[in-house]
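A short write-up of the structure that comes next.
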Amino acid sequence: MRLTQFHLATVKETPSDADVISQKLMLRAGMIRKLAAGIYTWTPLGLRVLRKVETIVREEMNRAGALELLMPSIQPRELWEETERWAKFGGQLLKIKDRKDGEFCYGPTHEEVITDFARGELRSYKQLPINFYQIQTKFRDEIRPRFGVMRAREFLMKDAYSFHLDEACMQREYQNMYDAYTRIFTRLGLRFRAVAADSGAIGGTGSHEFHVLADSGEDAIAFTSDGNYAANVELAEAIAPGPRAAATQALEQFATPTQRTCEEVAALLGAPLATTVKSVAVMGEQGFVLALVRGDHQVNEIKLAKIEGLGEYRLATETEIIEHLGAVPGFIGPLSPKKSITVIADRTVAAMSDFVVGANATGFHTKGVNWGRDLPEPLVADIRNVVEGEPAPMGTWSIARGIEVGHVFQLGQKYAKAMGAEVLDENGKARTMFMGCYGIGVSRIVAAAIEQNHDANGIQWPNAIAPFHVAVLPLGADRSEAVRAAAEELYSQLTAAGLDVLMDDRKGVRPGAMFADQELIGIPHRIVVSDRGLAAGQFEYRDRRAAENENWSREGLVERLMAKIRG
RNA sequence: CGGGGUAUAGCGCAGUCUGGUAGCGCGUCAGCCUUGGGCGCUGAAAGUCGGGGGUUCGAAUCCCUCUGCCCCGACCA
64 MRLTQFHLAT VKETPSDADV ISQKLMLRAG MIRKLAAGIY TWTPLGLRVL RKVETIVREE
124 MNRAGALELL MPSIQPRELW EETERWAKFG GQLLKIKDRK DGEFCYGPTH EEVITDFARG
184 ELRSYKQLPI NFYQIQTKFR DEIRPRFGVM RAREFLMKDA YSFHLDEACM QREYQNMYDA
244 YTRIFTRLGL RFRAVAADSG AIGGTGSHEF HVLADSGEDA IAFTSDGNYA ANVELAEAIA
304 PGPRAAATQA LEQFATPTQR TCEEVAALLG APLATTVKSV AVMGEQGFVL ALVRGDHQVN
364 EIKLAKIEGL GEYRLATETE IIEHLGAVPG FIGPLSPKKS ITVIADRTVA AMSDFVVGAN
424 ATGFHTKGVN WGRDLPEPLV ADIRNVVEGE PAPMGTWSIA RGIEVGHVFQ LGQKYAKAMG
484 AEVLDENGKA RTMFMGCYGI GVSRIVAAAI EQNHDANGIQ WPNAIAPFHV AVLPLGADRS
544 EAVRAAAEEL YSQLTAAGLD VLMDDRKGVR PGAMFADQEL IGIPHRIVVS DRGLAAGQFE
604 YRDRRAAENE NWSREGLVER LMAKIRG
């Protein structure tokens with residue numbers, strides 16, 4: 064591509080409403096332009112990257128045996144009523160009406176449509192297993208879209224759905240997709256990690272998220288020091304500490320007129336935060352529950368929701384807290400509540416002695432508290448987030464940040480059952496199919512790749528998804544016929560070799576501007592053609608990630624470059 | 001949905017308090033100059049000051065109203 068034939072839309076000034084680096088760089092490089100909140104136009108430059116990601120995803124899905132199809136983006140309400148998700152999906156579902164007042168939504172996902180398709184198409188176990196996928200624009204009306212295409216409302220997604228006669232077959236395909244995803248992210252040239260994820264209320268035996276590692280990631284991932292296990296922080300198990308020490312202190316209530324948080328109480332006492340216990344009051348299905356974690360820990364809502372009797376719990380209101388405990392929030396604890404309540408202690412809390420809690424009297428806390436002696440033994444469960452460096456089932460936990468770009472999921476029979484998707488087995492008996500679903504955020508990958516690969520000058524694309532592999536920059540082509548001819552010849556050869564080449568043939572553009580644009584848009588390799596170089600019989604090569612130039616002779620240049628790009 | 005901002009040239013912003021001929025930087029266009037890190041100089045084009053209503057001799061500026069967008073929070077495969 065000659066730059067004069069292309070639409071380069073770089074800007075010098077950083078857009079003021081961009082709050083993550085990928086969004087800034089995508090706007091400055093002219094890859095995207097915002098049309099409305101969370102809705103973007105992909106420019107020719109940005110689209111080249113998006114298409115490269117899409118192509119790799121498609122090739123690997125095909126290789127894994129999945130079949131591409133394309134479903135409608137507009138879906139009728141009736142289908143969503145069958146799974147009761149018309150109401151349950153919530154505000155993210157963009158609902159629209161046609162001229163006859165028929166109700167539709169813009170598809171945020173396609174379980175209903177594919178299951179409807181499958182129940183019509185699939186009749187015999189002989190047609191199974193089968194895996195259908197599409198790469199398509201989705202819309203989720205996010206409450207607060209932000210971070211550019213990282214969390215846009217309209218986005219490009221690959222979604223696949225597999226159908227099976229039994230669970231074992233579903234699990235085999237799940238593994239097949241897991242392996243395909245590993246190949247995809249490896250080919251994309253990204254540093255990533257597959258992590259065990261919470262499978263939520265749907266249950267099922269498995270779910271993994273694929274995260275691109277980046278400090279700016281929205282999700283915390285926990286992984287063990289031996290590298291063999293990684294989990295969403297929501298799932299990582301906090302193991303029980305050693306046995307409880309014997310009580311040494313007497314129970315003592317003390318005044319904390321203005322100290323409501325564990326931090327404030329610990330500061331007042333001059334004691335470590337880890338000697339305090341935080342009490343979180345919630346209302347579960349079976350009544351009032353007090354969840355206890357150590358002062359320096361955080362309650363994990365997903366773990367808490369899994370406890371028997373809690374289910375769809377919510378935080379207790381101030382009125383409920385006063386009614387059950389007799390004190391206002393900030394001074395509550397498990398000691399002598401006003402009414403009978405359930406106390407659930409985190410494993411760590413259960414192993415504490417001589418600890419500090421709210422006294423259930425406004426303005427007071429109590430120290431020297433001990434299980435068994437001062438209050439009954441609690442129910443014990445793992446209800447907190449793990450923290451950096453603490454013991455894990457194997458080794459110790461480390462915490463990293465990641466951007467979720469893929470998710471594989473064993474759906475089981477949830478949708479097939481709700482929608483009556485059945486096939487006849489070898490005995491002629493109708494059986495509800497098992498399903499798996501597998502998503503990849505294609506447009507999000509573009510942003511995630513930038514979060515992971517950039518410097519002060521701009522983007523540093525991995526070769527596999529760079530909009531162009533190499534930039535040819537002729538310096539002074541306006542006045543040097545030799546430079547112009549050499550650049551043209553090089554451009555032809557590189558293009559003929561199958562590389563994506565961008566030649567900066569703009570008139571009167573100074574070298575500094577050429578370099579700045581090439582670095583901003585992140586072309587991974589550049590070759591400078593100049594009178595100075597030609598006189599020495601050399602071309603100047605620079606890797607986007609390198610600080611220094613290399614002088615390459617004309618001989619073997621194309622091969623040398625190919626080796627760098629194709630690996 | 002709650003709270004807080006903001007809307008002025010293609011982009012980024014000042015001007016609004018205290019009403020009186022629409023400004024700056026970047027970009028764009030023309031010319032000169034320059035040619036290894038977003039050069040320099042000269043000139044030019046470009047704005048129903050988010051929409052509607054009101055006050056006033058006169059409104060970007062004051063009042064009312066609507067809308068978009070941004071930030072914080074709650075929420076979220």
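Numbering (this note's numbering), first residue to last: 64 to 630. A virtual CB, placed ideally from N, CA and C, is assigned to each residue, including glycine.
So the alpha helix (DSSP H) Lys714 belongs to, where does it begin and stop? Because the chain here runs from 64 to 630, residue 714 falls outside it and cannot be looked at.
Is there contact between the region 144–156 and the region 561–575, where contact requires at least three CB pairs shorter than 8 Å? no
Assign Leu367 to one of three DSSP states: helix, strand, or coil. Counting from 1 along the first sequence, the entry for residue 367 is found at position 304. In the structure shown, Leu367 sits in a helix (DSSP, three-state: H, G or I).
Count the other C-beta atoms from every protein chain shown that fall within 10 angstroms of the C-beta of Gln349, then say buried if there are 16 or more, exposed otherwise. The sequence position of residue 349 within the first sequence is 286, counting from 1. Exposed, since its Cβ has fewer than 16 Cβ neighbours within 10 Å.
Distance CB(Glu272)-CB(Asn295) smaller than 8 Å: Against the first sequence, residue 272 aligns to sequence position 209. Against the first sequence, residue 295 aligns to sequence position 232. It is a contact, given that the beta carbons lie within the stated cut-off.
Taking Leu219 as the reference, give the member of Glu117, Tyr604, Asn194, Ala610 with the closest Cα. Translated into the one-based positions of the first sequence, residue 219 becomes position 156. Here the closest residue by C-alpha is Glu117.
Within 10 angstroms of the Cβ of Ile159, are there 16 or more other Cβ atoms? Answer buried if so, exposed if not. For the purposes of this step, residue 159 is taken as residue 96 along the first sequence, with counting starting at 1. Exposed, since its Cβ has fewer than 16 Cβ neighbours within 10 Å.
Mind checking Gln473: buried by the 16 CB within 10 Å criterion, or exposed? For the purposes of this step, residue 473 is taken as the residue at position 410 of the first sequence. Classification for Gln473: buried.
May I ask you to report which of helix, strand or coil DSSP gives Tyr34? The shown model of the chain, from 64 to 630, leaves out residue 34, and the question about it has no answer.
Cut-off 6 Å between Cβ atoms - residues of its own chain near Ala287, not counting five sequence neighbours on either side: In the first sequence, residue 287 corresponds to position 224, counting from 1. What sits at residue 287 in the sequence shown is Thr, not Ala. Around Thr287: Ala455, Met457, Gly458.
Helix, strand or coil: which one does DSSP assign to Pro139? Taking the first sequence and counting its residues from 1, one reaches residue 139 at position 76. Pro139 falls in the strand class under three-state DSSP.
Roughly how many angstroms separate the alpha carbons of Ser342 and Gly469, rounded to a whole number? Locating residue 342 in the first sequence gives position 279, where the first residue counts as 1. Locating residue 469 in the first sequence gives position 406, where the first residue counts as 1. In a straight line, the C-alpha of Ser342 is about 36 Å away from that of Gly469.
Segments assigned beta strand (DSSP E), at least 3 residues, entirely inside the region 88–171: 95–99, 102–105, 137–139, 157–160, 166–169
Could you tell me the alpha carbon to alpha carbon distance between Ala344 and Lys402, rounded to whole angstroms? Indexing the first sequence from 1 puts residue 344 at position 281. Indexing the first sequence from 1 puts residue 402 at position 339. Between Ala344 and Lys402, the C-alpha separation is close to 13 Å.
Going along the chain, which unbroken runs of the beta strand (DSSP E) with 3 or more residues stay wholly within the region 294–362? 315–318, 340–347, 350–357
Can you list, in chain order, the residues of its chain with a C-beta nearer than 7 Å to that of Ala354? Leave out the 5 residues immediately preceding and following it. Your numbering for residue 354 matches position 291 in the first sequence. Result list for Ala354: Val343, Val345, Val362, Leu367, Ile407, Ile446, in chain order.
Which residues mark the beginning and the end of the alpha helix (DSSP H) in which Asn239 is found? Working through the first sequence from its first residue, we reach residue 239 at position 176. First-last of the alpha helix (DSSP H) with Asn239: 230–251.
Please look up how many angstroms separate the CB atoms of Ala379 and Phe351, rounded, as I've assumed it's under 8 Å. Position 316 of the first sequence, counting from 1, holds the residue named residue 379. Position 288 of the first sequence, counting from 1, holds the residue named residue 351. Between Phe351 and Ala379 the Cβ distance is about 6 Å, and since that is below 8 Å, they are a contact.
Leu438: which of Gly396, Gly465, Phe427, Ala424 sits nearest, CA to CA? Your numbering for residue 438 matches position 375 in the first sequence. Considering only alpha carbons, the answer is Gly396.
Taking the C-alpha atoms as reference points, what is the distance between Ile633 and Pro171? With the chain covering only 64 through 630, there is no way to say anything about residue 633.
Provide the residue span of the beta strand (DSSP E) that contains Glu603, from first to last. For the purposes of this step, residue 603 is identified with residue 540 of the first sequence, where counting begins at 1. Unbroken beta strand (DSSP E) run through Glu603: 601–606.
State the beta-bridge partners of Lys221 as determined by DSSP. The residue labelled residue 221 in the question sits at position 158 within the first sequence. According to DSSP, which records beta bridges pairwise, Lys221 is partnered with Ile198, Ile503.
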